[in-house]
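Novice: First the structure, which I've put down as structure tokens, then a few questions once you've had a look.
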Amino acid sequence: MKVDKKLAAFEMFSLTMILIALKLTDTTPSLFAQKAQNAFWYIPLLAFIVILPSLLILLYLLKHYQAKHLINLLEILLGNKLGKAIGFIFLLLNITFISLDSRNYVEQIRNLYFLNSSTLIIFVLFTIICIFGAIRGIEVIGYTAKIFFPFIFISFFLLAFLIYEELVWDRIFPIFGSGLPLIVEESLLKGSIYSDFILLTMGYSAFRKSHDFNTGGLVGLLFAIGVITFFFLIYAVVFDYNSIEKISFPFHEITQYVNLGDFFTNIETFFMVFWLLATFIRFILLLYLLTWLFGAIFNIKHFELLILPMGYLVMVVGLVPDNSVVNELIYRNQLLNLMTPIIMGFPLVLLLIHLFKRKKVEN
Amino acid sequence: MQNRRKKAKGNEFGVENKLSSDLVANIDLLKHCFSYGKNNDFSMRVFQAKYNQKDVLLCYYASLVNSDKIEQTIIRPLLEQSGSSLYHVIIPESVKVTSNLNEIQDHMTSGKAIMLMEDDPIAYSIDVSNFEHRGISQSENESVVRGPKEAFTESLRVNISLVRKRVRNHNLMTEVKKVGDRSTQDVQLLYIDNLVNDKLLEEVKEKLDAIKVGNVQNLELLEQYIEDRPYSIFPSIYYTERPDNAAIYLERGHIILLMESSAACLIVPITFWSFIHNPEDRYMRVIFGNFTRGVRFLALFLTTMISAIYVALANFHSQMIPPDLLLAITVTRERVPFPLILEVLIMEVAFELIREAGIRIPNPLGPTIGIVGALILGQAAVEANIISPIIVIVSALSGLTSFAISDPSFNYTVRITRFIFILSAGFFGMYSLVMAFTIWFMYAVSLKSFGIPYFAPLAPIYLSNQDTYFRKAMRKEKWRPGYLLPKDLQSARKDK
Amino acid sequence: MKLLWLVLLSFFIMGCEDMIELEKQSYVIAVGIDETEQEGIFLFTFQIANPEVGSIASSVGSEQEASETVTIRGTDIMTATTTANAFVTKQIALDQTRVIIASESLARSDQFIRIIQSAGRTPQIRRSVQLIISQEDAATFIKNNQPTLEQRPHKYYQYMLTRAKETGIIPDADLHRFFQITEGDADLFLAMYATTNTDPKIDRGSEDNFYAGQIPKSGGNPTQFMGSAVFKEGIMIDRLTGEETRIANILDKTMEMSELLTTYPDPLAPKYRVAADYIQSQEPIIDIQYDAERNHATINVLVQFEIEILAIPSLVNYSQSEADKATLEKSIEDYNEAITKELIKKTQESYRAQPFYWSLYARKHFKDIPAFEQADWNKNIYPNADIHVSYQLKKMQFGNLLDDTNLNEVRD
């Protein structure tokens, strides 16, 4: 019997939330705080406003051309070769980015919970779970995200609730942090933290209707921005500007700090469970999309077979930088800055071509 | 396929598999076919019918038929009464006519009496079967406090009557499919004709046709022939012994499979939720029912996770344990010779042993083994410093809560899962435990039962009553599950 | 398939790197830090909980000590735990550490900030660990601290500190706050002050106007938690009495202090004092008027509080007479204002910084951080600010008793 097993809006919402909002747990906040000091909390908001038009254009074009996925759209608009070439650049950028990102998460796991173990073994395990999960396919990833999402959300909410009494709201002042020009510059440069969403458009055809993708995605993005901003605000008022710069993982710092009454004083492992669930889903999804991107560029139909080598590649690239988190901060910072103009620019180019094509047809 | 089978049988005896008009030849044929003389059970009797003064042969398996009925309804009328035709003379409710030897064999083995008449190339197959079976008793494995107590028994006819009693609908079909080459058994497909999805029905029938074995004795074996993934740790077919449960699923558009000599039914297709839900959730008021659901989800979590979490926390994340408890555990651990994970495994295995022994042990000894196993063994092991007392609590908790998962198949899933999780927690603490859980869970989510995703209607979403974690009030239940693609989606009355 | 098993097996072996059995760890409850004659080398004292004590399972445990205390030299806490393994049988785990105790002499040196920084960066030591400054050496403090009722050390610290914080005589001083304030560099940090040396002083007026160790008492544990150590830029500069600490807690909105029992001078019978329950239900209202031109601030402080009178030993009938009641109210307000003003004067003149976390209010007047740091709240604004303090008694209750027994009638 053929039941419609494709994904619906809530799956898209959960996937977007997990993909984007999880950034609040890694080094992103301290990255922002380096420049913006205590005003870093509203940078995600500003960066989103900067990147929003590009995302909307992309969604519009995908719907208009009934494209199967991003590469398909590029091929329709730019022709086969050019489309694939741009797709390839996009692929390379994403491989680097996801590798560094996964390394970042592996370091988090190691530094916080398994100090005596080597990064390699944790990374290997991490890659194995990503491969195992990704092989199950986009639908299963979507369902799992949907089922896990409420639990993950509740755990984050609980954390916010527990830290509440430690919040000193006056710490958001002075409101412009390190100065307005710096903040605006930083917001303009950091739009690329939402670049994962563009990768998500690879899964466009896995959804029942394009409406599901668009609503789920946009609502998910808005919620994710809300959650990120809220948590960044919490970091800002818990740690104050001088300390936040020095903390690489404020999320974990908070989970280590909160108590549940006098009896349960160290409850970070509880939050770690839900954080791990979200992390696994995120990287399983990213690995799947990355392989799909690869498959689409090189016209490989059964790209699921490539998940294993792709996972291995991501791991190898991720192992390249040496240990320190600071190095990572620099790499990521530069990569983010580099990616923003590309992500902002290329939907605009696509729009221009689209308009040009339409005119040509009209003439 | 059917043809090939018949052909094979015909060749086996090396004779024409049609009856002739010669009674003596026919008798020889039957004698040969049923090994008369060697096969003690096979009875045969020749006498003269009064109404047309012809010789009549009556043969049957003595163990399968009701001999009183034969005497009252066949032999006596034939010997004593006169009438224009056979149908005016004999009394039984069901008489079939056939001339094919294979059919005669089938009928004989399913408890019918075969009657041959002189100068007639046909056989009358008269239903006088009397299979022995147990009476209807209480459901033992799925007992409820509120709700009907009767369970299926090992008689197909009784079982169908139990279902029909609950589904008073002329659209309830009881279709027969034959399985097995050598010993052919009937599988009854029960479904409501104007609800069930035709493709689904087709798929189930195809699955049944595809079984290529000599003998499928009962439902429990049938389940293993028609499931998609025999090596999966999750069941994909629901096995229940409660007719009320079967009726509920019928009304939703599922298909029920029944077989002679099985005191249960199979329900297809099925989702994860059916294994967690219990019919009693619906028999109780919505709040009470949902409360038990909550308890059951807690039990599911505890039974799969508590031992694994204990291993992970104690071996890798001791900071999570509050200091008083930590010191209490430490002091008892100091005298125990085994690593903690081994300690947990010892107790879990011991629990499984006691459980298995408890099922197999002769009834009068049952309570004794419980006391010996649980009390004496646990107490003595603690006093001998082989295990620490907290392990007794942990494994007792995980063992006891597993009984809250009432479905026998899913119960095994849960118990196997527990061991997987304990071992994985021993690798890398919470990290590997969450990893194992994610893989386990994603595997479950990817499963399908006859094409239906395992976690429908939660993920992916379908129009339904949203009866997943918790159920809604009865009045708000308006839909049949959309994932079954029933012919009629709305279950509530439509005039609103 | 066989390969898969091999891989699984190898995980089993490798996974054990971080695996440690519970009984192979020793749980440190308190860490003491002292300075040595050598710079950069410290003396670490670990108070290790003995799991045998207080557990029903052990019959032999009753004669054992509740904790073992070891002292060792080292450069930082983590390496010291390894060195300690020369004579401590098990791996030392710091996850359950409740307090860090530093000696006053260490706290007054510039070494303190270094060692605390390194402690704060180890993930094993939580940000919620409380900071205690002991008058004597930390090693001596831990050795002398012998509670009789709460034998298990973590319980002792938990109960002791929770209760003392509730009454406001010691500040809430976890590592998190220490780092916030020290790194923020705009306020003073108050750490708990405690000692096991007793040096009783009788004539101090009220019941909390003591430094630790000065409380006259007999019996019980010699340890006293009272008052606070004042830190400026990570170095201890002074100590505050319990009363001053309480005032600082009242003026600081980030401190939780709900109520405490205290006594006030009886305005009508100066020989006696009135016992009262001071209830702080609202945060103090602190209004900073900042003049950017002159870089000068005017600070208006308004503290609203409630009082429940518990005992009037002088037997003056305050509850019946409106006029007397007003006098008492006025006298309590004045008394509080007076001691507050005295403390503020002390901070402005001798510390030239404040421990009330008032920089929070000042920040609102600046657009961005460079401007705020330029104005330099700590050095320029606060010491020269005009500060007006006023207390407002919102409600005065007289408890359950309507009237005290008339002594004269009793004596008849």
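Residue numbers (our numbering), protein chains in the order written: chain A, 11 to 373; chain B, 980 to 1475; chain C, 707 to 1118. Where a beta carbon is used, it is the ideal one built from N, C-alpha and C, also for glycine. Keep in mind that this is a model prediction, so the values were computed, not measured.
Would you mind giving the Cβ-Cβ distance between B/C1038 and B/I1093, rounded to the nearest angstrom? I have them listed as a contact below 8 Å.
Specialist: By 1-based counting over the second sequence, the position of residue 1038 of chain B is 59. By 1-based counting over the second sequence, the position of residue 1093 of chain B is 114. Confirmed, Cβ separation roughly 5 Å.
Novice: Quick check on this structure: which residue in A/M354, A/F284 and A/T289 has the alpha carbon closest to the alpha carbon of A/I164?
Specialist: By 1-based counting over the first sequence, the position of residue 164 of chain A is 154. Comparing Cα-Cα distances from A/I164 to each of A/M354, A/F284 and A/T289, the minimum goes to A/F284.
Novice: B/L1321: buried (16+ other C-beta within 10 angstroms of its C-beta) or exposed?
Specialist: The count along the second sequence starts at 1 and reaches residue 1321 of chain B at position 342. Flag for B/L1321 reads exposed.
Novice: So what's B/E991 in DSSP terms, helix, strand or just coil?
Specialist: Numbered from its first residue, the second sequence carries residue 991 of chain B at position 12. Residue placement at B/E991 is poorly supported in this model, since its pLDDT is 46, which falls under 50; the coordinates still yield a value, given next. Three-state DSSP puts B/E991 in a helix.
Novice: Since C/G657 meets chain A, which of its residues come closer than 7 Å, beta carbon to beta carbon?
Specialist: For residue 657 of chain C there is no data in the structure shown, the boundaries of chain C being 707 and 1118.
Novice: Considering only DSSP beta bridges, list what C/G738 is partnered with.
Specialist: For this step, residue 738 of chain C is matched to residue 32 along the third sequence. For C/G738, which the question treats as bridged, DSSP gives the partners C/T751 and C/I807.
Novice: Look at the alpha carbon of A/I132 and the alpha carbon of A/P260, and state the distance between them as a whole number of angstroms.
Specialist: Numbered from its first residue, the first sequence carries residue 132 of chain A at position 122. Numbered from its first residue, the first sequence carries residue 260 of chain A at position 250. One C-alpha to the other measures close to 21 Å.
Novice: Quick test of your reading: C/L728 and B/L1319, contact by CB under 8 Å. State the CB separation rounded to the nearest angstrom.
Specialist: Within the third sequence, residue 728 of chain C is the residue found at index 22, counting from 1. Within the second sequence, residue 1319 of chain B is the residue found at index 340, counting from 1. Contact flag correct, Cβ pair sits at about 7 Å.
Novice: Closer than 8 Å, Cβ to any Cβ of chain B: which residues of the region 14-29 of chain A, in chain order?
Specialist: The residues in question are D14, K15, K16, L17, A18, F20 and E21.
Novice: Can you grab the Cα-Cα spacing for the pair B/S1078 / B/D1386, in whole Å?
Specialist: Here residue 1078 of chain B refers to the residue found at position 99 when the second sequence is read from its first residue. Here residue 1386 of chain B refers to the residue found at position 407 when the second sequence is read from its first residue. Their backbone Cα atoms lie some 47 Å apart in a straight line.
Novice: Where do the N-terminal and C-terminal ends of the beta strand (DSSP E) with C/Q886 fall, by residue?
Specialist: Locating residue 886 of chain C in the third sequence gives position 180, counting from the first residue. Per DSSP, C/Q886 belongs to no beta strand (DSSP E); it is in the alpha helix (DSSP H), L881 to G890.
Novice: Closest to B/A1329 by C-alpha separation, out of B/I1431, B/S1377, B/G1114 and B/Q1298, would be which residue?
Specialist: Translated into positions along the second sequence, residue 1329 of chain B becomes position 350. Among B/I1431, B/S1377, B/G1114 and B/Q1298, the Cα nearest to that of B/A1329 is on B/S1377.
Novice: Buried or exposed, going by whether 16 or more other CB atoms sit within 10 Å of the CB of C/T1004?
Specialist: As a first step, residue 1004 of chain C must be located in the third sequence, where it is residue number 298. So C/T1004 counts as exposed.
Novice: In the structure shown, what three-state DSSP assignment does B/G1159 receive?
Specialist: Sequence index remark: in the second sequence, residue 1159 of chain B carries index 180 (1-based). Three-state result, B/G1159: coil.
Novice: Can you tell me which of B/L1095, B/E1230, B/I1069 and B/V1166 puts its alpha carbon nearest to the alpha carbon of B/N1148?
Specialist: Taking the second sequence and counting its residues from 1, the one referred to as residue 1148 of chain B is at position 169. Per the Cα distances, B/E1230.
Novice: Check the Cβ-Cβ distances between C/V766 and every residue of chain A, and say whether any is below 8 Å.
Specialist: Within the third sequence, residue 766 of chain C is the residue found at index 60, counting from 1. Its pLDDT being 49, under 50, C/V766 is placed unreliably by the model, and the measurement read from it follows with that caveat. Not closer than 8 Å to any Cβ of chain A, the Cβ of C/V766 fails to qualify, so no.
Novice: So, under 8 Å CB-CB, C/S840 and C/A900 are touching, yes? Tell me the CB distance rounded to an integer number of Å.
Specialist: Indexing the third sequence from 1 puts residue 840 of chain C at position 134. Indexing the third sequence from 1 puts residue 900 of chain C at position 194. Right, the Cβ-Cβ distance comes to about 6 Å (below 8 Å), so this counts as a contact.
Novice: Just verifying my parser: in three-state terms, what is the DSSP assignment at B/F1026?
Specialist: On the second sequence, position 47 is the one that residue 1026 of chain B refers to. Strand.
Novice: Flag B/P1460 as yes if its beta-carbon sits less than 8 Å from any beta-carbon of chain A, otherwise no.
Specialist: Mapped onto the second sequence, residue 1460 of chain B falls at position 481. It does not; no Cβ of chain A falls within 8 Å.
Novice: If you follow the beta strand (DSSP E) that B/N1005 is in, where does it begin and where does it stop?
Specialist: Counted from its first residue, the second sequence places residue 1005 of chain B at position 26. First-last for B/N1005: L1002 to C1012, but that is the alpha helix (DSSP H), not the beta strand (DSSP E).
Novice: Run through DSSP, which three-state label would A/H79 get?
Specialist: As a working note, residue 79 of chain A is residue 69 in the first sequence. Note: A/H79 maps to coil in three-state DSSP.
Novice: Between the region 317-334 of chain A and chain B, which residues of the former have CB atoms less than 7 Å from a CB of the latter, in chain order?
Specialist: Listed by position, the residues of the region 317-334 of chain A near chain B (Cβ gap below 7 Å) amount to none.
Novice: Measuring alpha carbon to alpha carbon, tell me which of C/P928, C/L896, C/A845 and C/I821 ends up nearest C/M942.
Specialist: Within the third sequence, numbered from 1, the residue matching residue 942 of chain C stands at position 236. The shortest Cα separation from C/M942 among C/P928, C/L896, C/A845 and C/I821 belongs to C/L896.
Novice: Give a yes or no on whether 8 Å exceeds the smallest Cβ distance from A/S127 to chain C.
Specialist: Translated into the one-based positions of the first sequence, residue 127 of chain A becomes position 117. Cβ-Cβ to chain C under 8 Å: yes for A/S127.
Novice: Where does A/K187 land, buried or exposed, given buried means 16+ other C-beta within 10 angstroms?
Specialist: The residue you call residue 187 of chain A lines up with position 177 of the first sequence. The residue asked about is misnamed: residue 187 of chain A is Gly in this sequence, not Lys. Buried is the call here.
Novice: Grab me the residues of C/G738's own chain with a C-beta within less than 6 Å of its C-beta, minus the 5 sequence neighbours each way, in chain order.
Specialist: One-based indexing of the third sequence puts residue 738 of chain C at position 32. So the list reads T751, I807, A844, A845 and I848, once near-sequence residues are dropped.
Novice: Going along chain C, which residues have a C-beta under 9 Å from B/T1396?
Specialist: Stepping through the second sequence from its first residue, residue 1396 of chain B is reached at position 417. Those do not exist, as B/T1396 stays about 17 Å from chain C at its closest Cβ, beyond 9 Å.
Novice: Please tell me whether A/I28 and A/F159 are closer than 8 Å, where the distance is taken between their beta carbons.
Specialist: As a working note, residue 28 of chain A is residue 18 in the first sequence. As a working note, residue 159 of chain A is residue 149 in the first sequence. Yes.
Novice: Figure out for me which residue from B/H1296, B/D1467 and B/N1269 has the closest Cα to the Cα of C/Q731.
Specialist: Numbered from 1 along the third sequence, position 25 holds the residue referred to as residue 731 of chain C. Of the listed residues, the one whose Cα sits closest to C/Q731 is B/H1296.
Novice: Going along chain C in order, which residues have a C-beta closer than 8 Å to the C-beta of B/V1192?
Specialist: Here the question's residue 1192 of chain B lines up with position 213 in the second sequence. Simply none; closest approach about 27 Å.
Novice: Rounded to the nearest angstrom, what separates A/S197 and A/Y70 at their Cα positions?
Specialist: Taking the first residue of the first sequence as 1, we reach residue 197 of chain A at position 187. Taking the first residue of the first sequence as 1, we reach residue 70 of chain A at position 60. Going by the C-alpha atoms only, they are around 24 Å apart.
Novice: Ignore the nearest five residues each way along the sequence and tell me which others in A/L316's own chain have a CB closer than 8 Å to its CB.
Specialist: Working through the first sequence from its first residue, we reach residue 316 of chain A at position 306. Same-chain partners within the cutoff: T301, F304, G305 and I310.
Novice: Can you tell me whether DSSP reads A/W302 as helix, strand or coil?
Specialist: Within the first sequence, residue 302 of chain A is the residue found at index 292, counting from 1. In the structure shown, A/W302 sits in a helix (DSSP, three-state: H, G or I).
Novice: Answer yes or no: do C/M961 and C/D878 have a C-beta to C-beta separation smaller than 8 Å?
Specialist: On the third sequence, position 255 is the one that residue 961 of chain C refers to. On the third sequence, position 172 is the one that residue 878 of chain C refers to. Yes; because the gap between Cβ atoms is below 8 Å, this pair is in contact.
Novice: With a floor of 3 residues, list each beta strand (DSSP E) that falls wholly inside the region 1192-1237 of chain B, ordered by position along the chain.
Specialist: Qualifying beta strand (DSSP E) stretches, in chain order: 1217-1219.
Novice: DSSP three-state call for B/N1109: helix, strand or coil?
Specialist: Indexing the second sequence from 1 puts residue 1109 of chain B at position 130. The answer is coil: DSSP assigns B/N1109 none of H, G, I, E or B.
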